[in-house]
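Undergrad:
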Amino acid sequence: MKLSIKNLSKTYANGTQALKNVSLEIATGMFGLLGPNGAGKSTLMRTIATLQDADSGSIFLDNLDVLRQKDEVRKVLGYLPQEFGVYPKISAETLLDHFAVLKGISNSKERKAVVEALLQQTNLWEHRKKNLGGYSGGMKQRFGIAQALLGNPHLIIVDEPTAGLDPAERNRFHNLLSEIGEHVIVILSTHIVEDVSDLCSNMAIINKGEVLAAGNPLELVAEMKGQIWQKLINKTELADYQNNLYVISTRLHAGKLNIRVNSDLRPDASFTSVEPNLEDVYFSNITNSTVTKIVSA
Amino acid sequence: MLLSIALFEVRSRLREFSPYIFWFILAAISFLAMLSMAGGIGDGVISVTGGGGEGSKVLANSPYNLHFIISYIACFSTSIIAAIMGRTVYKDYEAEIHTLYFTKPITKFQYLGGRYIGSFILSLIVFSGIIVGTFIATQMPTVNMDTLGANHISYYLYPFLVNVIPNLFFSSSIFFMLGALTRNSSITNIGGVLFVVLYMVATDMTRDLDSKTLASLIDPLGMSAQGDLTEYWTSAEKNTLLVPFSSMIMYNRMIWMSIGIALLLFTYLKFNFVFQLNTNNKSKKKIIENIVSQNISVSDIPQTHQAYGLKSALLQLIALTKLEFSSVVKSIQFRAIVACGLIMLFVNLIHVGEMYGTNIYPVTYAIIRTVISSFGLFFIIMIAVFSGEAIWRERTVKINQIYDALPMPNWVSFLSKLFAIFFMNIVVFIFLMIGGILTQQSKGYTHFEIGLYLQYLMGFQLLSFLLIAVVGMFIQTLVNNRYLGNFLMVLYFMLNILYSMMGWNNHLFLINSSPDVVYSDMNKFGHFTESFLWFKMYWLFFALLLCVVSYLYWIRGTEANFKIRSLIAKSRFSKPVLAFSAVCSLLFFSTGCYIYYNTHVLNKYATEAENEKQSVDLEKTYEKYEHLLSPSATDVKIDINLFPQERNYDASEKVWYVNTYNKPLDTLFLNYSTDEKINSLSINKNNKIVLNDTVNGIQLLKLDQPLMPGDSFLLSCSIEYKTKGFLNDDKFSRINFNGTFLSTESGIFPSFGYPDESEIENDDTRKKNGLASKERMPSINDFLALHTGLLGHDAWVRFEATVSTSDDQIAIAPGTLVKDWKENGRHYFHYKMDAPMLNFYAFLSANYEIKKDEWKSTDSSQHNVAIEVYYHKGHEYNVSTMVNAIKKSLDYYTVNFSHYPYKQVRIVEFPRYASFAQSFASTIPFSEGIGFIAKVDSTDEKDVDYPLYVTAHEVGHQWWAHQVYGAKVQGCTMTDETMAQYSALMIMKKEFGKEQMKKFLKYEMNNYLQGRAEEKKKEMPLYLVENQQYIHYNKGSVAMYALQDYIGEDSLNAALRKYIQKVAYQKPPYTTSLEMLSYIEKATPDSLKYIIEDLFKTITLYENKVNDVTYKKLDNGKYEITLNFESKKLRADSLGNEKEILFNDWIDVGVFTEKDAKGKELYFKKHKISANTKEIKVVVDKIPVSAGIDPYNKLIDRHPDDNVKTIEKPL
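So the protein sequences, as listed, match chains A and B.
So my numbering is basically just the index in the first sequence, starting at one, shifted up by 3.
So my numbering is basically just the index in the second sequence, starting at one, shifted up by 1394.
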């Protein structure tokens, strides 16, 4: 199973170019889509999820033309949008059953079984009879996950799925996703680097509608080896360093700032070399596309 | 700070879209209302205020008209204030910005006050649209300048100051409170609708209040007080006076402004100026979870099978429809609208079918009619609101992205929403049906016609509403903007109003329109069903096409760009869709053609403009023949065959005509109905047809030998009428499946003479078409006109008719039934008239029940009279009242007027396509809509036994019209209608006593005063009445009642008897009101001669008012009463300009044992009273309770209620 996106572009009516010539090959497994808010992740996800059209380019799920055979795609799709609401006066069980009907599960016994299983799995079984209006953000999110898993989807798209979940929930959800990811394509969009590094076998970094990097996270990290340096500085000095060096991230540490710098050479003796991580890859790419890189002398 | 918050509010709101839309809507409505009143569009038929309208003497921009237009438009736009005010505080919560506000250093007073003031200013800006709209309309080039006076800006601003601003203040306070305290926008919005509805209900309920003061004060919008104040204003007053700011209006304004302030204060105290979580969930308990950590595993999720066939689609459709439906019926909006509608309905059902304050039996069709008329608007609101809600449902709760990625076809989501609205309608219909049945039950009526309810509501109505729902969904889908969509729906409904204003009625071109369906107990849905179904089928195919477009543009996903949506639509336009739309278009087109064939080819269709043009052409071409003399009929023999099932008839006549003039006639002007086919037409004199105009139905015959005075000829003619297909509108159908009513007035046979009645009456229309203005009636001194009566000059003919009809029906014509036989499956009746009659007859046929009786004469010279009432089975309620009324009438009229010439009096029921009763010689067709189902409760003070009244009136016409036949000149209808009215009044007085007459005369007085306030041309004194109903009926009643009271019933009747002796069955020139008055004058003593002048010859009004009544006990045990009063006598000209005149008249003074001139008369006598008489003292035996001047309201007085006062206890 393979999802191939070729030269996808999209410009909104207000002139925002949300996608610029995006090409990606996504195979079975977990695929992480990493980028800051407004990078075009959701546009890309919605386009794959048949909710939006592209100006140009193509998306194929194996032989299925996603942009044209929308109905066919929807049959194998599980989609959890970034932001969604629920009918407040309907119970979780009723609404999930309703969605199951809409997913084409016509056999009522089967439907009952799968609804029950999903509610169990997402820990909503106890409150299945309660109206969704009373659900907390986390519960609602889990309900969203449950509906996305209805009907054995082959392509699962989850947009910022763990927002609002507590750490334990998040863990459990990640486990589930990676298990599902063994058999089908799961596209996970997030701005949390950790999620991707924990879960994904493949990823892409996207910003301002462009794919900045794509590949296996470990390989991407490996490519950075020897280029990341760090130093503790006073807060007042930050501007100087930013002017002269390619500072990719800063973090407060005991009242001082720990800055990480991307540089082929050690900037000066006060910097120590550190092992790169995915965050460095991410920030390097993001910053790269935002600031002009100043190569140190 | 307060001010800057207010200004910020105004500025930020003006950045939104909605204030502009609201402004535009108000301006547009005002513009259209004003424009139509000023004759700028249509024929100016609209009349918002009762004044105005083309031909009216009340100017469109008169202070009166502007006052009420501006005020009423503002009143009914209260929901706009709800939308503005409700959002004020709510929008902070919606944007979740309130926490920012609440943490700023501003006080609660500054926050709320600023917001309120800001929104109030915004409302004022929005409502200024009304002034701008009305004003611009007066400047349009299309307006008729005659309908406009000088524009005074004060006329526009005054109502704004007196009504709009105070009412805005009051209603804004309510909605501000609702918005601030509930923080729920739908509650506020529904509040807006509720407000208007409850207001309408409350005004309706207080209308019957005896205390006008109370009703005026409790009207929150202050319109009742102003309505009362101006109720009887004449054109002259309306054109010149601002509605005075009376103390009553001032108190009203003060009361409701104070309540507004109190509401604001309440809001201030209750408003919680601290951070709160989204309060929608405040009351609901959040679920507290115990997290049990449990690992999720894919293997635990069972495998499922997905199917995507038609079966699964249907399953999806059912599931979605269920969800949609329950969302609708569970919503607050739905419940609020239904609750409002039901309240309104029950209020209206109390008065169902009321006439003269008297109820009817709550027959099912009357209940349904009330249901539809009072709930109709709610249906439209509901359909408009919920089609928008349905389209936006997923997006409102933000579940749309999940939905749209689900594998269901678009048509499933579209249909589910449509079906949900459809089922919503059905549910409401069921509610209404139960409501209707409960009403019937509660009124003790148990003939529940469930089938009729179902047919009417679930059949005819549902079909109509379905298309509105489709239009709503179509608009919302296509524009993809909720506000714009709602706005367009409003425009769509306004367009419908525009159609009727413009006089457009071609149902082929007006979306969803179809002929009105009138249900009659007699004829059921009759011929309406066929045409209705064809038109609805036609529009249904149109609706299907709209569905296809909606399907193509159905929003799926987040794409909002119209270009891209069009591309998507193109890609959705698959072969099956193409095929489906092709089939729908074909069916739409072919049903359209079929309808066109029926309405335009088989039958004649003419727009109002075309009809107008034809009338103008006819007048311009043939007016020169207006005074051409015509021969008069003397002997009429008719054979007519009615075919009720086919709705056809054929007929032949043989009529002898004679030249009654003293000069020869050589040219005959013949006019005939173009709807009928003339098979043969000949006269037994050699002649040439010099002109045959088949468009106007006119033939000119030139006689070879002129017809000498006294010579006669025989006209033989045979015609046929075939109902072909159906018409665009067939509301006044004459020949029906059950209930045919064909009369000479509807033109069965050709007749001689220029058809004066087809000329256009409205002077403005005449002027537009280059015709000179036309008097409504020839002058009373026009000698030539005296030769024609109201019904032509064919008076006193011999009449004989054979009528046949279908086997199961009975056919009726004037005269005695000579023979009745069945032949070839048809039923034949041969009628022969026993006495000469007007050449004015009718044929009726239906499946009748008959009640027979006989009136026995006590006078040897008068024969007995057979009484027959032909009625529809089930309508027996008032049949015996009618029989009784006929007997009473014959008793009174034969003694007091003259002999009854015919051998029978018949009442014959006909379907309620028209609501009147009409007297033909011996035979009285009587509409099922008046009287047959009246439920007269003799114990109810308000009830008037109008079946008795109408019967007595019509029997009266057997003398007044059928014996005394007035010339068609001014005052003509005084000699028939006023006298028939007088006859009926005397029967009622005898039957119910003079105290009961007061309530009937109160209706008559009120109708007269209202009628003259709405007079469009000029008010005439009674003796010159120009067929004005409010004069010859309503003023006539009051005047004749007063006359018999002043000169005595017996001496009046003696005078009338002499008059009848003189003029009955007279040959032309015919009698006039002046001749009748001369007899009355002779019977009037000199001291009372002035009343003839007051009642008949002028427009005279009194202003009698008791200021104060006291009494003291005298030493002899009696009581001396002192009556303090004022009295004025006014004369008005034809436009209503009044001036006070000197007088010294006899006026009743009465003292009573109960309030309001009820109980026993302790004292009752006429006193000579002038403007200088201020006080009268009388002595009575018992303790008096009330006293007054003209206590029974015999004199015309615009404030009849202040004539009597309850006496205060002695000091």
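Where is the CB? At the ideal position from N, CA and C, for every residue including glycine.
None of these values were measured; they are calculated from a predicted model.
As a quick exercise: from B/His1461, B/Pro2038, B/Pro2462, pick the residue whose alpha carbon is nearest that of B/Tyr2055.
TA: Taking the first residue of the second sequence as 1, we reach residue 2055 of chain B at position 661. Among B/His1461, B/Pro2038, B/Pro2462, the Cα nearest to that of B/Tyr2055 belongs to B/Pro2462.
Undergrad: I need the DSSP call for A/Ser299, collapsed to helix, strand or coil.
TA: Taking the first residue of the first sequence as position 1, residue 299 of chain A is located at position 296. For A/Ser299, the predicted structure reports a pLDDT of 35, less than 50, and the residue's modelled location is therefore unreliable. The matter cannot be settled from this model.
Undergrad: Taking Cβ positions, are B/Lys2523 and B/Ile2535 nearer each other than 8 Å?
TA: Locating residue 2523 of chain B in the second sequence gives position 1129, counting from the first residue. Locating residue 2535 of chain B in the second sequence gives position 1141, counting from the first residue. In contact: B/Lys2523 and B/Ile2535 (Cβ atoms closer than 8 Å).
Undergrad: Nearest by alpha-carbon distance to B/Pro1560: which of B/Asp1486, B/Thr1597, B/Arg1481, B/Cys1469 is it?
TA: Taking the second sequence and counting its residues from 1, one reaches residue 1560 of chain B at position 166. Residue B/Cys1469 is the option with its Cα nearest to B/Pro1560.
Undergrad: Can you tell me where the beta strand (DSSP E) with B/Ile1655 in it begins and where it stops?
TA: Along the second sequence, read from residue 1 onward, the residue named residue 1655 of chain B stands at position 261. Where B/Ile1655 is concerned, there is no enclosing beta strand (DSSP E), although the alpha helix (DSSP H) it sits in stretches over 1641-1664.
Undergrad: State the DSSP-derived secondary structure class of B/Leu2055, mapped to helix, strand or coil.
TA: By 1-based counting over the second sequence, the position of residue 2055 of chain B is 661. Here the sequence assigns Tyr to residue 2055 of chain B, which means Leu is not the residue at that position. Coil at B/Tyr2055, not helix or strand.
Undergrad: Chain A beta carbons: is any one of them nearer than 8 Å to that of B/Ile1962?
TA: Here residue 1962 of chain B corresponds to residue number 568 of the second sequence, with the count starting at 1. Chain A contact via Cβ: present.
Undergrad: Any idea which residues DSSP pairs B/Phe2135 with across the strands?
TA: Taking the first residue of the second sequence as 1, we reach residue 2135 of chain B at position 741. Note: B/Phe2135 sits in a beta bridge opposite B/Leu2238.
Undergrad: Taking all protein chains shown into account, do 16 or more other C-beta atoms lie within 10 angstroms of the C-beta of B/Val1757, making it buried, or fewer, making it exposed?
TA: Translated into positions along the second sequence, residue 1757 of chain B becomes position 363. By the 10 Å Cβ count, B/Val1757 comes out buried.
Undergrad: Return no unless some Cβ of chain B is closer than 8 Å to the Cβ of A/Phe34.
TA: If you number the first sequence from 1, residue 34 of chain A lands on position 31. Taking Cβ atoms only, chain B never reaches closer than 8 Å to A/Phe34, which makes this a no.
Undergrad: Please list the terminal residues of the continuous alpha helix (DSSP H) segment that includes B/Ser1566.
TA: Working through the second sequence from its first residue, we reach residue 1566 of chain B at position 172. Residues 1559-1576.
Undergrad: Who does A/Lys234 pair with in a DSSP beta bridge?
TA: Here residue 234 of chain A is taken as the residue at index 231 of the first sequence, counted from 1. A/Lys234 pairs with A/Ile262.
Undergrad: CB-CB under 6 Å to B/Val2281, same chain, minus the five flanking residues each way: which ones, in chain order?
TA: What you label residue 2281 of chain B is simply residue 887 of the second sequence in a count that begins at 1. As written in the sequence, residue 2281 of chain B is Lys, which differs from the Val given in the question. For B/Lys2281, where only same-chain residues beyond five positions count, the Cβ hits under 6 Å are Trp2249.
Undergrad: Can you tell me which of B/Ile1524, B/Ser1979, B/Ile1796, B/Leu1615 puts its alpha carbon nearest to the alpha carbon of B/Ser1566?
TA: Position 172 of the second sequence holds residue 1566 of chain B. Comparing Cα-Cα distances from B/Ser1566 to each of B/Ile1524, B/Ser1979, B/Ile1796, B/Leu1615, the minimum goes to B/Leu1615.
Undergrad: Tell me, which residues are paired with B/Cys2111 by DSSP?
TA: Numbered from its first residue, the second sequence carries residue 2111 of chain B at position 717. Note: B/Cys2111 sits in a beta bridge opposite B/Glu2047, B/Leu2075.
Undergrad: Just list the residues that DSSP pairs B/His2221 with in beta bridges.
TA: Taking the first residue of the second sequence as 1, we reach residue 2221 of chain B at position 827. B/Thr2199, B/Lys2216, per the DSSP bridge assignment.
Undergrad: Could I get the ranges of all uninterrupted beta strand (DSSP E) runs contained in the stretch 1721-1768 of chain B, with 3 residues as the minimum, in chain order?
TA: As far as the stretch 1721-1768 of chain B is concerned, it has no whole beta strand (DSSP E) run of at least 3 residues.
Undergrad: Can you name the residues of chain B whose CB is closer than 7 Å to the CB of A/Val104?
TA: The residue you call residue 104 of chain A lines up with position 101 of the first sequence. By Cβ distance, chain B contributes Leu1709, Gln1710, Ala1713.
Undergrad: Anything in the stretch 106-124 of chain A with a Cβ closer than 8 Å to a Cβ of chain B? List those residues in chain order, please.
TA: Within the stretch 106-124 of chain A, the qualifying residues are Lys106, Gly107, Ile108, Ser109, Asn110, Glu113, Arg114, Ala116, Val117, Ala120, Leu121, Gln123, Gln124.
Undergrad: Taking Cβ positions only, does A/Thr53 come closer than 8 Å to chain B?
TA: Locating residue 53 of chain A in the first sequence gives position 50, counting from the first residue. True, the Cβ-Cβ gap to chain B drops below 8 Å.
Undergrad: Answer with yes or no whether the minimum CB distance from B/Pro2305 to chain A is below 8 Å.
TA: Translated into the one-based positions of the second sequence, residue 2305 of chain B becomes position 911. It does not: the Cβ of B/Pro2305 has no partner Cβ on chain A nearer than 8 Å.
Undergrad: Is B/Ser2198 closer than 8 Å to B/Arg2220 when the C-beta atoms are compared?
TA: Taking the second sequence and counting its residues from 1, one reaches residue 2220 of chain B at position 826. Taking the second sequence and counting its residues from 1, one reaches residue 2198 of chain B at position 804. Yes, the pair counts as a contact, with Cβ atoms nearer than the cut-off.
Undergrad: Report yes if the C-beta distance between B/Tyr2296 and B/Leu2284 is below 8 Å; otherwise report no.
TA: Position 902 of the second sequence, counted from the first residue, corresponds to residue 2296 of chain B. Position 890 of the second sequence, counted from the first residue, corresponds to residue 2284 of chain B. For B/Tyr2296 and B/Leu2284, no; Cβs fall outside 8 Å.
Undergrad: Check distances from the C-beta atoms of the stretch 193-206 of chain A to those of chain B and list, in chain order, the residues that come in under 8 Å.
TA: Within the stretch 193-206 of chain A, no residue has a Cβ that lies closer than 8 Å to any Cβ of chain B.
Undergrad: By how many angstroms is the C-alpha of B/Tyr1458 removed from the C-alpha of B/Gly1527?
TA: Position 133 of the second sequence holds residue 1527 of chain B. Position 64 of the second sequence holds residue 1458 of chain B. Using only the alpha carbons, I get a separation of about 17 Å.
Undergrad: Between B/Thr1673 and chain A, is there a C-beta pair that is closer than 8 Å?
TA: Taking the first residue of the second sequence as 1, we reach residue 1673 of chain B at position 279. With a pLDDT of 44 at B/Thr1673, under the threshold of 50, the modelled position of that residue is not reliable, and no figure is offered here.
Undergrad: Drop a sphere of 10 angstroms on the beta-carbon of B/His2266, count the other beta-carbons inside from all chains shown, and report buried for 16 or more, exposed for fewer.
TA: Locating residue 2266 of chain B in the second sequence gives position 872, where the first residue counts as 1. Flag for B/His2266 reads buried.
Undergrad: Would you please state the rounded distance, in angstroms, between the beta carbons of B/Lys2476 and B/Ala2449? I believe it to be under 8 Å.
TA: Counted from its first residue, the second sequence places residue 2476 of chain B at position 1082. Counted from its first residue, the second sequence places residue 2449 of chain B at position 1055. The pair is a contact, with the Cβ atoms about 6 Å apart (cut-off 8 Å).
Undergrad: Compare the C-beta of B/Gly1951 against all C-beta atoms of chain A and say whether one is closer than 8 Å.
TA: To locate residue 1951 of chain B, count along the second sequence from 1; it is residue 557. Taking Cβ atoms only, chain A reaches closer than 8 Å to B/Gly1951, which makes this a yes.
Undergrad: Buried or exposed for B/Tyr1414, please, with buried defined as at least 16 other CB atoms from any protein chain shown within 10 angstroms of its CB.
TA: Position 20 of the second sequence holds residue 1414 of chain B. Exposed, because fewer than 16 other Cβ atoms sit within 10 Å of the Cβ of B/Tyr1414.
Undergrad: Let me know if A/Leu235 comes out buried or exposed under the rule of 16 or more other beta-carbons within 10 Å of its beta-carbon.
TA: Along the first sequence, one-based indexing puts residue 235 of chain A at 232. With fewer than 16 other Cβ atoms within 10 Å, it is exposed.
Undergrad: Measure the Cβ-Cβ separation of A/Ile303 and A/Asn288 and say whether it is below 8 Å.
TA: In this structure chain A extends from 4 to 300, so residue 303 of chain A is not present and cannot be described.
Undergrad: Determine the chain B residues that contact A/Tyr82 at a beta-carbon separation under 8 Å, and present them in chain order.
TA: The residue you call residue 82 of chain A lines up with position 79 of the first sequence. Residues of chain B passing the Cβ test: Gln1795, Ile1796, Ala1799.
Undergrad: Nearest by alpha-carbon distance to B/Asn1899: which of B/Tyr2473, B/His2356, B/Asp2123 is it?
TA: By 1-based counting over the second sequence, the position of residue 1899 of chain B is 505. With distances taken between Cα atoms, B/Asn1899 lies closest to B/Asp2123.
Undergrad: Using the Cα positions of B/Leu2508 and B/Glu2555, report the straight-line distance between them to the nearest angstrom.
TA: For the purposes of this step, residue 2508 of chain B is taken as residue 1114 along the second sequence, with counting starting at 1. For the purposes of this step, residue 2555 of chain B is taken as residue 1161 along the second sequence, with counting starting at 1. Looking at the two C-alpha atoms, the distance is approximately 20 Å.
Undergrad: Check the C-beta distance from B/Asn1917 over to B/Asn2080 and give it rounded, since I have them as a contact under 8 Å.
TA: Your numbering for residue 1917 of chain B matches position 523 in the second sequence. Your numbering for residue 2080 of chain B matches position 686 in the second sequence. Not quite, the Cβ-Cβ distance comes to about 46 Å (not below 8 Å), so this is no contact.
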